[in-house]
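Participant:
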Amino acid sequence: MALPVCFSYWKKIADRLRKVRKRRSISQEKLANMSGVSYGSIKRFEATGQISLISLTKIATALGVADELRELFTDVPYRNIQEVINETK
Numbered sequence: 014m015a016l017p018v019c020f021s022y023w024k025k026i027a028d029r030l031r032k033v034r035k036r037r038s039i040s041q042e043k044l045a046n047m048s049g050v051s052y053g054s055i056k057r058f059e060a061t062g063q064i065s066l067i068s069l070t071k072i073a074t075a076l077g078v079a080d081e082l083r084e085l086f087t088d089v090p091y092r093n094i095q096e097v098i099n100e101t102k
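With this note's numbering applied, the sequence shown corresponds to residues 14 to 102, in that order.
1. Would you identify the three-state DSSP class for I26, choosing helix, strand or coil?
2. Take every Cβ of the region 84 to 97, pair it with every Cβ of the region 50 to 66, and state whether three or more of those distances are shorter than 8 Å.
3. Would a C-beta distance cut-off of 8 Å place G53 and I26 closer than the cut-off?
4. What does the alpha-carbon distance come out to for the pair E42 and S48?
5. With distance defined between alpha-carbon atoms, name the residue in L85, T74, T101, E100 nearest to R34.
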C-alpha cells in the first residue's frame with residue numbers, strides 16, 4: 014500500500030472521531046482529560062491523523078466508539094480452502 018493512501022486512512026479516522034467529539038460537545042481539552050491523552054496529541058491527531066495506536070484506543074474508548082476498533086483485530090474469515098492451506102505452511 015502506498016504511503017499517502019495509508020496517511021489518508023488515518024486522516025479519515027481523525028476526521029470521524031473529531032465529528033463524534035463535536036457532536037457530543039466535548040472540547041479537545043475535555044477529551045484529553047477523559048482519555049489520558051495529551052491535549053497536544055489530540056490537536057495533532059485531528060489536524061494530521063498522526064497518533065499512536067495506544068492513544069487512538071484511549072480516545073475511542075473515551076468517546077464510546079472502541080467497539081468499532083475491535084473489528085480491526087478480529088479474525089478475517091477464510092474465503093476458500095487454499096487460504097486455510099496457505100496459513101498452515
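A virtual CB, placed ideally from N, CA and C, is assigned to each residue, including glycine. Just so we're clear, the structure is a prediction, and the values are computed from it rather than from any experiment.
Facilitator: Taking the definition as stated:
1. Residue state, collapsed to three classes: helix.
2. The region 84 to 97 makes no contact with the region 50 to 66; the number of CB pairs closer than 8 Å stays below 3.
3. no
4. 10 Å
5. When only C-alpha atoms are compared, the closest one is T74.
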